[in-house]
Structures are given as structure tokens and as C-alpha cells.
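Written below as C-alpha cells is the structure these notes are about.
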Amino acid sequence: MTEDNPTAGADDALAAAAVQPNAIRAVRVRRPGRWISAIILLLFVAMFAHMLVSNKNFGWDLVRQWLFWHTIIQAIWVTLELTVYAMLIGIVGGVLLAVMRLSSNPVSATAAWLYTWFFRGTPVLVQLLFWNNIAALVGQQVGFGVPFGPQFFHLDTNSTITAFTAAVLALGLNEAAYMSEIVRAGILSVDEGQSEAAASLGMRRGKIMSRIVLPQAMRVIIPPTGNEVISMLKTSSLASVIGVVELTDASESAIHLYFKAIPFYVVASLWYLFFTTVLSIGQYYIERYYARGSTRNLPPTPFQKLLRANLLFRTRRRRAEEIREALR
Amino acid sequence: MTADLIPDAPSNAVAVEIDKVYKSFGRLPVLRGVSMTVREGEVACLIGPSGSGKSTLLRCVNHLEKVDAGRISVHDRLVGYHHKNDRLYEMHDRDVAKQRRTIGMVFQRFNLFPHMTALENIIEAPVQVLGKSKAVAVAEAREHLEKVGLSDKAGSYPTQLSGGQQQRVAIARALAMQPALMLFDEPTSALDPELVGDVLAVMRQLAESGMTMIVVTHEMGFARDVGDTVAFMDGGIIVEHGDARQVIAEPQHARTQAFLAKVR
């Protein structure tokens, strides 16, 4: 409470603006609910941690022993391959289907609608089993009535359709149906004025889509796609049902070998958690990348947030000290 | 720009011929028999209250909207249709796109491509549509940017530009296709008042260079000073059409008088 003299003249006003006024001193709103819920949460965390440590059935020494076992590591590669290939089919197919669905051509729009209707309407596990059995039938029945499937089987012989290929096809083609809805939402989110401006410059539909609309739709498409990748990593465990030796299947086999169930489930869960964490971090930065051009100021990264929070805390503490000083 | 252009105007070739055009959105009639001729080098301003059909008429000229009845020709070629053996044939997308190359359009909301810099916005169509080499397109784009006074903004993204700067980039983008006709759809309506002047100055300069322009505007000063002709539209028809200064200074029709009294 020092300078309160009213000033006339612009110079004085500027000088006054340069001096920070005294910080507001106010009693902060009490939030007992936060404290109570934090204590309850901590209690649960402590109980869970205690259970993890004290319960011998987890077999942590076995987990440590088997976490990097070569069979598990090989299986992880299969899981990652399944995820990557299935998502590639899913993303490429999804873009294609979304563009078809939104096209003015009624034939392609209907075809895309039918595809989505079928592949979203049946469980992916059933589709997986279906594909696996188609592989067995290929020799006799070429051109089985599934959209986009036949061409594949004209080329491939019975022996090359492994369980892995069947799993990639089933997961990928199913994913394409979901991705098409994500891409469609992204395309529809782009302002119509963009297409009009491009059309008025003499650009044709295909060019407008690939050069103007899709790049802008990416901002809307990327976050749910990241979600789909994470989801696919875990859904790929369904491939164990048709005998693909991926992470879940390898763990399951090991259980039959060693008669220890829980440690292997822990091993598998830890690996899934590890990769979903890595993917989440990746997704965060990709989102940040595509936010360029749409916002002037990018949101801070978690690391920057930490730094900022620390800074804020220090500023507050300094202010509080100043106030105490002034009151003395 | 000058009023004495009008006496000369009849000698100029017809650039745009709008003949008894009708257009409805659903049951709502928007254009109810609009006829209008714009000659080469003419700056034709469309004024009138919102909902009078000005923007729709403009959008019909480059076939962003299809007319229900009537004909529009640009440089003696029917817009959106082929006329053969007394029958109309709808144009294929590719021909519509070709026709639009020579008709530049500037929008109220700028509609710059936000994922591209100012320079990339301008070279996009020359490279992708006309097949120009990037080097040539960039060189030309820089000239256009200089013309609209934004040589230093080539690398800026639209969000980093003010509304007035964005609109001037949009004008440069349209000019890069070397159009023979420019359509302006309320180019200054979305701008802060202090930014309007820069855009109007660019448009005035363009008019003085002899560009044929159809301008939907609420800027009466611009219509009077830069416009050769002014058409006042209300309720989907052209109520009054004539020499720009005359229509704005001494409107003959009661509705025109009422409108101009309000906007002044």
C-alpha cells in the first residue's frame, strides 16, 4: 500500500501501469471435499499397493524372470505387427470408404454404406473365425461373397493364408468400417467455404478432397485414430483364438507349460500397459502437431505444465511473503 | 471508375449476360426473373438489403448455385450447360471446373486455406489446375502479393494475418488464375471498420486496371466512386439499375430511396 496518488498526464499513467499494484489479499475458498476425496483415494492406493506386495500369488520374482523371456519378446513383435498391418488396412480403407460414402455417386455411396453396415454389425471375433475358415476353404471356393475379399484369394494359395494373415485381414477390414466413420466426421467438419473457394479456382473434386479438405480434416481425424491404434493393440489379442502366437497366446501357452497363471497375466498386462503408454504419449504430440495453423498458441506439453506449475507456486509463495512483509 | 465510362459502355463487348434468372431454395424464391448485362471493363455493384438475392445471383454466375430457369452466359458461353441442337446438356464436372478458371471469386469470409501459407494459397491453383511449374507460380504469386501490398507476408499462415490482410491474399489468390471476370461477395462485410479501406483500395486499383467486376457490397461510397453501374435488388428482383452516381445520388424508385436513406 504505497503509491495511491492520482496521476494526470500520459507519462504518469504509463509509469503507474509499470508498477505492479499490491496483490489481492483474500481468504481462499475452502474445499474440504477435495481433501476428503484425496484421503480416500490415497487409502485405496495404499491398500492396492499393499495387496500387490503382500499377495504371494502375483509371483513377482517369476514376473521378473519371464518379462523378457524370448518367447514373450517374439510374441510382442507379432502383436505389434498385427496392430500395424491391421491399422494400415483400417486407415487406408477408412479414407477410401469415407470418400465413397460422401461422393455424389450413388453406387459408391451405397457400397460404402453396405460395407460399414456389415462390418460394424457383426462381432470382430466372429469375423476373425470367419476369415480363418475362409482360408481353409480357399482351394474349392474362389470368390467367396465378402466385399473386397475375393481379389485377395484369387492370388493367394491355401498355404499362404496363415492364421496371421487371416487375423490381419479380419482386424483390418473390421477397423476400416470404424475408421470410415471417423474420417467422414473429419471431412464433414471442414467448412464448406473451403470447397467453394477451391471450386471457384477451377479445382476438381478429387483435387479439392486430397489437397484442401483431407489435410484440414486431419485435426479432427487424428485424436480418435490414436484411440483406435491403442484399442487395436489390445483387440489384436483376439487373434490368439485362431492360434496366432501373439502376446496373449504366448502367455496362455506358458501357463499350460508352467502351471502358473497369474505371473504370466501380469507379464502380458505390463507389456500392454507399456505400449499403450508409449502410444498415448505419441498421440499427444501428433495432436499437438496438427493443431498448428488452427490455434496461435499451442497448449503446453506436460513437461512445460510442470515447469509452469512450479513457477506459479513460487510466485504465489513470494507474493504471500511480500504481503506478510508489508503487514509487519 | 469514371462516370464517363458509361456512355462508352455500350460499345464494349458483353462480358456477362444474365437473362430472366429464377432460383428458389426449397419453397423460398430467391431470384424472381433477374436480367442484367455487364460489359467488358465494367464495375457492376449489386446493392440491397440482406436476403434480396444479391449473393445468390453472384454465386449463379460461376455455377456455385444452379439456376432453376433462365440463362447466364459469361463471354458468350452458357454457364454450366452446353447448348446443342436446341437442347441443353448439363456440363460435366471437368468442364464446369474449366469454366471457373476464368472467373475469380472473393468471399465474405475470405476462405483462405488455413493449412497453407499466403504464398502456398496463391500458387495452389496455378500449379494444381493450370499445371504451371512451381518456380513460375511462385514468381507470379510474389508479384500479386506486391500488388495487394503484402510482399512481406508470403510465409504467414492465415491465422497470423488480420482480416484485411487475409482478404487481400484472397484477392491475390483469385488474380493468380488470370481471370477475365472477378466476383466479389461482400468482400468487406466481415472486416473491422479500420481494415475496410485497404481492401477497397486494392479493389479500386483492380477496377482502374480495367478488370470486369461484379461486386456485392454495402459500401455505398465504393459503389458510387468505383462502380460504373449499380443495381439495387430487393425481394429477388432488380428494382433499379443504372449509372452508379445517378442511382446512389438520385434514386428514382421509392424502395431504393428508403434503402439508401437507411444505409447512409
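From first to last, the protein sequence lines stand for chains V and S. When you number the first sequence by numbering that gives the first Met the number 0, it's gap-free, plus one each residue, and the end is 327. When you number the second sequence by numbering that gives the first Met the number 0, it's gap-free, plus one each residue, and the end is 263. Built from N, CA and C at the ideal position, the CB exists for glycine as well. Just so we're clear, the structure is a prediction, and the values are computed from it rather than from any experiment.
{"Item": "Using 10 angstroms around the beta-carbon of Met-46 (chain V), count the other beta-carbons present and answer buried if the total reaches 16, otherwise exposed.", "Value": "exposed"}
{"Item": "Have a look at Asp-75 (chain S) and Gly-103 (chain S) and give me their C-alpha separation to the nearest angstrom.", "Value": "17 Å"}
{"Item": "Inspect the CB distances between the stretch 208 to 227 of chain V and the stretch 174 to 190 of chain V and report whether three or more fall short of 8 Å.", "Value": "yes"}
{"Item": "Output needed in chain order: residues of the stretch 107 to 125 of chain S with a Cβ under 8 Å from some Cβ in chain A.", "Value": "Judged by its chain identifiers, the structure shown contains no chain A, and its protein chains are V and S."}
{"Item": "Quick check: is the beta carbon of Glu-195 (chain V) nearer than 8 Å to any beta carbon in chain S?", "Value": "yes"}
{"Item": "Is Ile-213 (chain S) near Val-37 (chain S), with beta carbons less than 8 Å apart?", "Value": "yes"}
{"Item": "Would a check of beta-carbon distances place Leu-200 (chain V) closer than 8 Å to chain S?", "Value": "yes"}
{"Item": "Under a three-way DSSP split, which group does Lys-131 (chain S) fall into?", "Value": "coil"}
{"Item": "For Ile-335 (chain V), go through chain S and note every residue whose CB falls closer than 7 Å to its CB, in chain order.", "Value": "The structure shown does not extend to residue 335 (chain V), since chain V is modelled only from 0 through 327, so no value can be given for it."}
{"Item": "Kindly indicate which residue of V:Ser-102, V:Ile-221, V:Asn-309 and V:Ser-268 has the alpha-carbon position closest to the one of Trp-71 (chain V).", "Value": "A quick correction: the sequence has Ile, not Trp, at residue 71 (chain V). Among V:Ser-102, V:Ile-221, V:Asn-309 and V:Ser-268, the Cα nearest to that of Ile-71 (chain V) is on V:Ser-268."}
{"Item": "Could you spell out the range, first to last residue, of the beta strand (DSSP E) harbouring Gly-69 (chain S)?", "Value": "68 to 73"}
{"Item": "Identify the contact partners of Arg-93 (chain S) in chain V, using a Cβ-Cβ distance below 7 Å as the criterion.", "Value": "Arg-203"}
{"Item": "Who are the neighbours of Gln-127 (chain S) on chain V, taking C-beta pairs under 7 Å?", "Value": "Met-202, Lys-206 and Arg-210"}
{"Item": "Would you mind telling me which residues of chain V sit closer than 8 Å to Ala-96 (chain S), beta carbon to beta carbon, in chain order?", "Value": "Ala-198, Gly-201, Met-202 and Arg-203"}
{"Item": "Under 9 Å between beta-carbons, which chain V residues line up against Leu-63 (chain S)? List them in chain order, please.", "Value": "Glu-195, Ala-198 and Ser-199"}
{"Item": "Can you check DSSP and say which residues form a bridge with Tyr-80 (chain S)?", "Value": "S:Glu-89"}
{"Item": "Could you pull the start and end residues of the alpha helix (DSSP H) that Thr-265 (chain S) belongs to?", "Value": "The question about residue 265 (chain S) has no answer here: the residues shown for chain S are numbered 0 through 263."}
{"Item": "What three-state label does DSSP hand Gly-205 (chain V) in the structure shown?", "Value": "helix"}
{"Item": "Let's see if you can read the secondary structure: which residues bound the alpha helix (DSSP H) around Ile-229 (chain V)?", "Value": "213 to 234"}
{"Item": "Can the beta-carbon of Glu-218 (chain S) be found closer than 8 Å to that of Gln-107 (chain S)?", "Value": "no"}
{"Item": "Strictly under 8 Å for the Cβ-Cβ distance: is Pro-31 (chain V) near chain S by that measure?", "Value": "no"}
{"Item": "How would you call Val-91 (chain V), buried or exposed, if buried means at least 16 neighbouring beta carbons within 10 angstroms?", "Value": "exposed"}
{"Item": "Quick one: residues in its chain with C-beta nearer than 7 Å to the C-beta of Arg-100 (chain V), no 5 flanking neighbours on either side, listed in chain order?", "Value": "Ala-108, Ala-111, Trp-112, Ser-179 and Arg-183"}
{"Item": "Which residues in the same chain as Arg-119 (chain V) place their Cβ atom closer than 6 Å to its Cβ, once the five residues preceding and following it in sequence are excluded?", "Value": "Ala-176"}
{"Item": "My parser needs the beta strand (DSSP E) runs of 3 or more residues fully inside the stretch 37 to 61 of chain S; what are they?", "Value": "42 to 46"}
{"Item": "Could you please give me the residues that DSSP links to Val-240 (chain S) through a beta bridge?", "Value": "In the sequence under discussion, the amino acid at residue 240 (chain S) is His, which differs from the Val named in the question. The partner list for His-240 (chain S) (beta bridge, DSSP) reads S:Ala-230."}
{"Item": "For the alpha helix (DSSP H) containing Ser-188 (chain S), list its first residue and its last residue.", "Value": "From DSSP, Ser-188 (chain S) is part of no alpha helix (DSSP H); its letter is neither H nor E."}
{"Item": "Check whether the Cβ atoms of Ile-322 (chain V) and Arg-24 (chain V) sit closer than 8 Å, and answer yes or no.", "Value": "yes"}
{"Item": "With a threshold of 8 Å between beta-carbons, can Gly-185 (chain V) be considered close to chain S, or not?", "Value": "no"}
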